[in-house]
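Residue numbers (this note's numbering), protein chains in the order written: chain A, 1 to 792; chain B, 1 to 274; chain C, 1 to 160.
Reviewing the structure listed below.
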Amino acid sequence: MSVPYKSDKHQYVGGNGERLDAIDKVTGAAVYAHEMVVPGMLYGRIKVSPYAHARIKRVDTSKAEKVEGVRAILTGATLDMILGLYMCDRHILGRDVVRYQGEQVAAVAAETEFAARRACELIEIEYEPLPAVFDPEEALADDAVRVHPDLHTYNHMRGVFFPQAHTNIAHHQKIRKGDIEAGFAQADQIFEHRFTNPPVAHAPIETHVTIAQALPGRRAHIITSAQSPFTVRNLFAIAFGMPHNNVRVQIPYVGGGFGGKAGIHLEPLAYCLSRQAGGRPVKITATREEEFNVLPSRQGLKTIIKTGVKNDGRITALKVKYMWDAGAYADYGVNIGRAAATSGAGPYVVDNCWIDSLVVYTNKLYGTAFRGFGHLEVLWGVERNLDRIAHALGLNPYEIRQKNVLRTGTTTITGEKITANHGRPDICLEKVAKDIGFEDRTKAPTTGPLPKGKVRGKGIALLQKSPAMPVFTSCSAFIKFNEDASVNVLISGVDYGQGTYSSLANIVAQELSIPREKVNVVYDCDTATQPYDWQTVASRFQVMGGNACIDACHDCIAQIKQVAAQVLRAPEHELICEDERVFVRHTPDQGLSYRELAIGYTYPNGNSIGGPINGRGKYIAQGLTHLDPETGQGKAALDWTYGAHGMEIELDTETGEIEVIKIASAFDVGQIIHEGMCRTQVQGGVVQGLGSALFEGFRFDERGRMLNPSFVDYKIPTAKDVPREMTQHFVETPQLDGPFGARGVGEHPMISIPSAMGNAIFDATGVDIIDLPLSSENVYMALKGARKTRES
Amino acid sequence: MNFAYEKPTTTKALSGLLEQAGSGAALLAGGTDLLGQLRGRLLEPQLVIDLKGIEELSLIEHHEDGSASFGATVVANRIIDDKRFHGPMAALPIACSRSATFTIRNRATIVGNIANASPCADSVPPLCVLGAEVELRAGDEVRRLALPAFIRGVRATVRKKNEYVAAVHVPAQAKGTRTFFRKHQRVRGHDLALANAALLHDPEGKRLRVAIGSCSPAPVLVNLDDMFDAPDAEEAARRCMKAILPISDVRASVEYRIDMTGVLVRRLLSDLQA
Amino acid sequence: MDYDIELTVNGVKYKTRAPASFTLIQLLRDKLHLTGTKEGCGIGECGACNVLLDGKLVNSCVVLGVEANGAEIRTIEGEANGEELSDLQQAFIKHHALQCGFCTPGMLMSARDLLNRTANPTDEEIVEAIAANLCRCTGYVTIVDAIREVADAKSKGGAK
């Protein structure tokens with residue numbers, strides 16, 4: 001009875017297969033919020049503050065009210081509503097005080113875009129400019145301008161986030177492991193280095209678009225380009241005091257998110273305009289300028305790292321101060337400060353670790369979730385730091401990493417013990433170093449004349465990330481059989497391009513043993529009809545959605561077997577489900593097709609049993625704990641995905657221009673679920689990482705006004721920026737609680753790309769650059785400065 | 001915003017519209033610059049006059065004496081595709097090919113590039129060293145101006161409100177003349193110039209001329225004739241770096257612009273020797 | 001002021017009316033309800049709005065609707081032949097040359113324009129042809145692969 005059965009049919013996991021959304025997208029048939037129109041729809045436009053910090057003295061909407069076609073006007077004075085995912089610090093429209101140039105202060109809904117825009121222009125607002133602070137380090141000074149003087153009165157998620165009264169600190173995350181003083185005492189040498197990251201734009205090609213309608217009976221209907229339908233619903237319900245059932249959020253195809261659409265953005269404003277306009281739906285489409293200037297960015301970061309090391313390279317102590325430039329509001333910023341701190345030493349064994357991760361308010365565009373959730377920013381510092389130390393000690397950057405890297409039996413800085421199935425950063429590093437021939441690199445000296453002309457350099461960097469998510473994060477899925485034994489998978493994680501649905505199709509088709517073409521993972525997310533999922537962020541959807549789908553498949557199989565057992569007169573444990581059939585294992589001809597029982601089975605005499613097969617599955621993160629507020633110790637990580645990059649560049653010392661010759665990337669993904677989706681996530685993430693490395697960053701003038709809110713002066717990578725060669729390596733150390741052993745890899749490819757490049761520049765020239773981006777001007781100036789010092 | 005749209009089919013009709021509308025009219029050639037200005041409310045005309053209905057303005061002519069002219073609606077890609085520009089006048093099509101994107105160049109015109117007088121205009125330095133002239137017309141009145149006389153400063157030209165640039169005339173070049181163009185950008189993809197420069201080498205007249213853009217309100221011309229027989233890259237770079245008046249802006253600092261001008265000039269002289 | 005505009009899109013004649021200030025993309029999307037073409041920036045920097053106007057690739061966001069009076073336009077909706085996907089569309093699917101899909105219509109138009117102009121494009125020409133189409137998702141590698149496969153097949157005399 002217990003002869004193991006292994007099917008060779010419908011083995012899709014690890015394979016390829018067409019994207020489920022490809023045909024819609026290549027024909028132009030895919031509908032995004034961008035083109036959605038609903039009956040009676042009005043168009044909304046937003047007015048923003050020209051000042052970084054100012055008191056609103058007077059608002060006059062009388063001229064705007066006279067514009068033909070205007071149906072609603074809102075200002076902060078008329079709309080007293082506060083929002084916040086974790087810190088309730090932002091009014092939907094600036095009220096009394098505005099805190100960044102670009103902050104929304106008024107909005108109009110009208111019959112046409114033109115009328116709405118015209119009316120916005122005619123709203124008169126008088127401001128009294130106030131002193132402002134733009135740098136997070138300056139904002140920490142005792143006498144710094146207070147961005148939120150009433151911080152101590154704000155509602156916030158208590159016990160998780162700790163705003164510091166009478167400061168600009170929205171949150172202070174601490175990691176305290178071991179004995180930091182003893183650690184430094186043990187060190188042979190101590191180094192202190194600084195690094196900076198500018199704020200960066202998500203730049204999805206589809207901007208934020210929302211349609212919201214205030215329905216009678218205090219209900220809301222929202223159609224939005226977003227990543228997390230249930231988060232939108234939840235925040236709505238809380239903010240507007242509605243039962244969850246009264247809020248319906250639908251998400252069609254989404255033109256990119258990268259974290260910028262993870263939370264709640266234009267939805268409340270659109271809803272309020274609709275309410276004001278007598279319940280007519282209101283559509284707000286962010287212009288590209290607004291996408292850059294008004295909608296939140298990736299936080300900037302300033303890092304101070306103090307490291308104690310033995311002469312052989314072993315780290316004895318690590319003390320880090322992360323100063324996050326949260327901008328004017330905390331949004332996801334506090335969570336990034338928290339999450340990145342738990343990763344804040346990199347994938348290394350650090351027995352004595354002290355991290356202070358401070359999320360600091362400034363009068364600039366505020367930060368939100370961004371692919372990598374602080375890890376690219378943190379690892380810029382951590383990986384550059386390690387290379388600098390290696391060089392100072394006369395050690396090989398590869399060796400110093402292998403010496404300190406996390407291995408089975410070691411413990412992370414949050415006290416998590418590494419098991420044999422956590423993943424292998426050491427193997428990832430080995431693969432990329434070999435791929436780019438790291439042994440054979442330039443090793444430019446750090447003294448004497450700088451090299452001239454075009455020079456080459458190689459750099460390596462490690463990375464790690466676990467999903468930053470609440471301890472209760474869960475996912476659920478419904479799988480319903482259709483009459484022809486095809487299935488619809490209903491799941492409300494959003495596939496906004498990362499291809500998770502195509503991976504889930506591999507899982508569902510294999511688990512149910514049906515052709516992949518018969519799996520329809522439904523692209524319209526709808527909180528009214530689909531089961532709960534937390535958010536589509538954090539590289540956790542394939543894992544949690546995969547597990548939920550497997551659970552739902554098991555439920556389907558159980559229902560199939562329950563009916564089949566009766567019809568075939570065999571016990572359920574003797575039945576096999578394979579290739580759209582359920583049969584008695586030892587007499588395979590005795591069986592039924594799925595089709596025969598998909599919506600109920602009918603006996604020849606007409607008796608019908610069973611009913612529609614609808615599978616239900618769920619998965620909740622197992623065993624996570626809160627982090628100790630003082631020490632940061634606990635288990636916050638569902639899983640860890642480790643990775644590494646090796647990069648070879650060619651640098652023109654005359655201009656500072658960099659061409660990327662090769663990037664080799666390796667990740668321990670546990671198990672590849674869909675080869676193409678895995679590979680293309682890496683390709684896309686690496687190139688997006690190159691943007692952060694080479695030229696991306698917001699610039700502000702001395703009054704805090706954004707200088708580059710357009711593609712003219714905020715450049716993102718084009719096809720010409722792709723390296724001459726990119727390779728991807730995948731290690732598969734199974735994640736025991738992942739679907740088929742899989743982990744996520746959505747965010748990871750862009751992390752540590754800038755680090756590898758900074759290390760390669762050092763290899764090529766002997767010059768250390770500590771600030772991003774590595775633009776041609778910044779590199780040139782760094783070389784010029786070094787030349788002066790070294791050749792004088 | 002609401003404006004009227006006219007598409008005259010003769011230059012006479014065009015002039016009539018301009019006389020009437022004056023400063024209330026905007027001229028539309030390729031529209032790639034104009035539409036950006038309309039979107040940003042930098043311009044609010046009552047009337048937009050589309051020049052693309054006038055056949056005469058769409059012509060490219062290569063005259064027997066070796067000179068060339070092209071009308072106001074000639075797009076950049078047509079200049080690039082025209083092999084006859086790839087001789088002594090080569091800096092012009094090269095500059096065009098480095099300008100904007102292929103897609104934009106299917107619409108953007110050289111005349112528009114000049115008439116908008118953005119300091120970053122890529123076609124301007126080559127046209128300066130080539131000695132090109134713009135032809136301005138108002139009704140039957142015609143005048144020609146060399147580019148440095150036409151462009152006064154940032155987005156400022158001497159074009160009167162009732163005038164339009166009908167054509168650009170590039171004189172015949174001396175035998176053996178070669179021209180070169182280089183542009184420094186922030187990225188490998190499409191970008192405005194941080195610095196751009198054109199070099200002319202005329203062995204017959206022993207002329208060595210450089211024009212530099214994006215580093216001053218108007219194009220800067222540098223005469224290096226005195227070193228024609230023995231071009232000195234360092235000295236040439238030094239003179240050009242001194243001649244420009246760059247600003248620091250979101251794209252680049254003064255220092256980087258100056259240094260990159262030097263690099264461009266040195267590299268142009270290398271191109272010459274190659 | 002509103003203007004009568006007549007144009008042919010993907011072989012179908014349309015008559016419509018719009019203010020002079022309407023761009024071509026607004027005309028296509030809002031008046032003709034051909035929403036496959038996307039607006040990513042409105043200033044000709046991203047290529048999402050690419051269409052063919054009288055055979056030339058243009059950013060429809062910087063062309064006025066009135067300028068297209070009498071013109072022949074091809075948009076993404078005309079790429080397939082009824083139910084039959086084109087060679088480029090099939091190659092994009094095969095190579096996963098898309099993720100969020102928002103840049104994809106414009107990208108396909110650029111690819112189609114390239115193959116219209118060049119029988120046997122080099123890798124460099126392929127990159128050049130899509131260099132003005134911003135994609136934030138794919139990293140461009142699979143897009144170049146897809147176009148290369150179609151170009152190779154065409155140059156070997158392969159059928160569509």
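Idealized CB from N, CA, C, for every residue including glycine.
Are residue i and residue j touching if we call contact CB-CB under 8 Å?
i, j, result
"residue 129 of chain B", "residue 200 of chain B", "yes"
"residue 647 of chain A", "residue 756 of chain A", "yes"
"residue 59 of chain B", "residue 71 of chain B", "yes"
"residue 365 of chain A", "residue 297 of chain A", "yes"
"residue 640 of chain A", "residue 752 of chain A", "no"
"residue 244 of chain A", "residue 233 of chain A", "yes"
"residue 45 of chain A", "residue 280 of chain A", "no"
"residue 218 of chain B", "residue 264 of chain B", "no"
"residue 173 of chain A", "residue 337 of chain A", "yes"
"residue 210 of chain A", "residue 138 of chain A", "no"
"residue 515 of chain A", "residue 477 of chain A", "no"
What does the alpha-carbon distance come out to for the pair residue i and residue j?
i, j, result
"residue 171 of chain A", "residue 23 of chain A", "45 Å"
"residue 110 of chain C", "residue 210 of chain B", "36 Å"
"residue 735 of chain A", "residue 195 of chain A", "34 Å"
"residue 159 of chain C", "residue 152 of chain C", "Unreliable placement is indicated for residue 159 of chain C, whose pLDDT of 48 sits below 50; the coordinate value is still reported in the next sentence. Distance between the alpha carbons of residue 159 of chain C and residue 152 of chain C is about 11 Å."
"residue 273 of chain B", "residue 52 of chain B", "42 Å"
"residue 776 of chain A", "residue 258 of chain A", "26 Å"
"residue 234 of chain B", "residue 249 of chain B", "27 Å"
"residue 656 of chain A", "residue 262 of chain B", "14 Å"
"residue 796 of chain A", "residue 317 of chain A", "Only positions 1 to 792 of chain A appear in this structure, which leaves residue 796 of chain A out of reach."
"residue 682 of chain A", "residue 432 of chain A", "14 Å"
"residue 85 of chain B", "residue 11 of chain B", "26 Å"
"residue 295 of chain A", "residue 579 of chain A", "49 Å"
"residue 671 of chain A", "residue 420 of chain A", "15 Å"
Taking the continuous beta strand (DSSP E) assigned at residue i, which residues delimit it?
i, result
"residue 647 of chain A", "641-652"
"residue 321 of chain A", "315-327"
"residue 52 of chain C", "50-53"
"residue 16 of chain C", "12-19"
"residue 181 of chain B", "178-184"
Run the CB neighbour count on residue i, radius 10 Å, all protein chains shown included, and call it buried at 16 or more, exposed below.
i, result
"residue 50 of chain C", "buried"
"residue 721 of chain A", "buried"
"residue 788 of chain A", "exposed"
"residue 807 of chain A", "This structure cannot settle anything about residue 807 of chain A, because the visible part of chain A is limited to 1 through 792."
"residue 181 of chain A", "exposed"
"residue 83 of chain B", "exposed"
"residue 225 of chain B", "exposed"
"residue 77 of chain C", "buried"
For the alpha helix (DSSP H) that contains residue i, what are its first and last residues?
i, result
"residue 256 of chain B", "254-273"
"residue 503 of chain A", "500-512"
"residue 138 of chain A", "136-139"
"residue 300 of chain A", "Element bounds for residue 300 of chain A: not the alpha helix (DSSP H) but the beta strand (DSSP E), 300-309."
Which whole-angstrom value is the C-beta distance of residue i and residue j, which I expect to be below 8 Å?
i, j, result
"residue 543 of chain A", "residue 742 of chain A", "6 Å"
"residue 97 of chain B", "residue 80 of chain B", "5 Å"
"residue 35 of chain C", "residue 60 of chain C", "No, residue 35 of chain C and residue 60 of chain C are not in contact; Cβ-Cβ is about 12 Å, not under 8 Å."
"residue 288 of chain A", "residue 710 of chain A", "6 Å"
"residue 103 of chain C", "residue 52 of chain C", "Incorrect: roughly 17 Å between the Cβ atoms, too far for contact."
Could you please tell me which residues of the region 273-292 of chain A, in chain order, have their CB closer than 8 Å to any CB of chain F? You won't find chain F in this structure, because its protein chains are A, B and C.
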